[in-house]
Every structure is written in structure tokens, then in C-alpha cells.
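Student: Just dropping this structure here.
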Amino acid sequence: MKIINGKNAVLGRLASYVAKQALQGEEFVILNCGEVLVTGSRKNIQEHYKLKREKVGSGQKGPKISRSDFEIVKRAIRGMLPDHKQGRGRVAWKRIKCYNGVPKEFESKEKISSGKEKTGKFIYIKEIYGKWK
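Read in order, the letters of the sequence shown are residues 6 to 138 in my numbering.
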């Protein structure tokens, strides 16, 4: 099992790495999902997620877009799996766990640091919904 600290990691790169490795049989735990970065213009990213959130049908129909930080990361990983509902994509999907903070069971274990300090245009996942939460 690999434990990844998501602080300052870029969402797309993290998601593609985890999806590829999960398909090969690795189990992953991703911590600090709120500290993962989404690169690009802050305004554009917030508008994109706001529009996705508002495009919900009636109460009985989807799509259901989650506002929680770890669900956004998990959804990005799911998008990079071949088919998350059946076959090897479903098996890989079950190997991935995401958490907002650091649970007690993982505090003392060794973690892989996946990100480095970033400059330029980006936004943290915990800031995406900001005023719309």
C-alpha cells in the first residue's frame, strides 16, 4: 500500500499516476486532498465547478457532483480509469482511498510527498467552492 501526501500536488498528474498504478495492482491512500492544486485561472476554475454543480436534474436524476474535497480528487481519478463500473476498472477503483486530513492510522506511517512549491496560476481544491458551499 502506498500512502501519498497530496499537499501541493497537481490534480491531473496525481490522478493519472494513481489510476495507472491502481490498474497494475497497487493500493493507494491519498491524504490532504484539500491541499491538492488545480492549475489555471482561479476565476475560470470556480466558474467551471459552479456550472457543473448547477447542472443537476430533478431530485431523482443525476449527475450528482460532490462538493467535498476528497470526492473531487476521487472523481478525477475515476475519470482516468477505463470503466469504473465493471471489469478491471472496478477492481482498481476499489483500491483507492482518499481523505481530507490525516487519519490516526496513517500518522506514523511513511508517506510519499508528491508535490513541490508551485508558482503561477492555481487554486487549492478546498477553495474551489468557497462562497457556494
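A virtual CB, placed ideally from N, CA and C, is assigned to each residue, including glycine.
These numbers were taken from a predicted model, which means no experiment stands behind them.
Under the assumption that ASN37 contacts GLY11 (Cβ atoms under 8 Å), give the Cβ distance between them as a whole number of angstroms.
Tutor: Indeed they touch by this definition, with Cβ atoms about 5 Å apart.
Student: Looking only at its own chain, which residues have a Cβ that is under 7 Å from the Cβ of GLU52, when we skip the five neighbours before and after it?
Tutor: Closer than 7 Å at Cβ, skipping near neighbours: no residue.
Student: Got a sec, what are the start and stop residues for the alpha helix (DSSP H) LEU16 sits in?
Tutor: Unbroken alpha helix (DSSP H) run through LEU16: 16-28.
Student: Whose C-beta lies closer than 8 Å to the C-beta of ARG95 among residues of the same chain, with five residues either side of it excluded?
Tutor: Closer than 8 Å at the Cβ level, and outside the excluded window around ARG95, lie ASP88, HIS89.
Student: To the nearest angstrom, how far is it from the Cα of LYS121 to the Cα of ARG83?
Tutor: Cα-Cα distance, rounded: 24 Å.
Student: Hey, which unbroken runs of the alpha helix (DSSP H) at 4 residues or more fall wholly within the segment 49-86?
Tutor: Correct list: 74-83.
Student: Return helix, strand or coil for LYS109, following the three-state DSSP convention.
Tutor: Note: LYS109 maps to helix in three-state DSSP.
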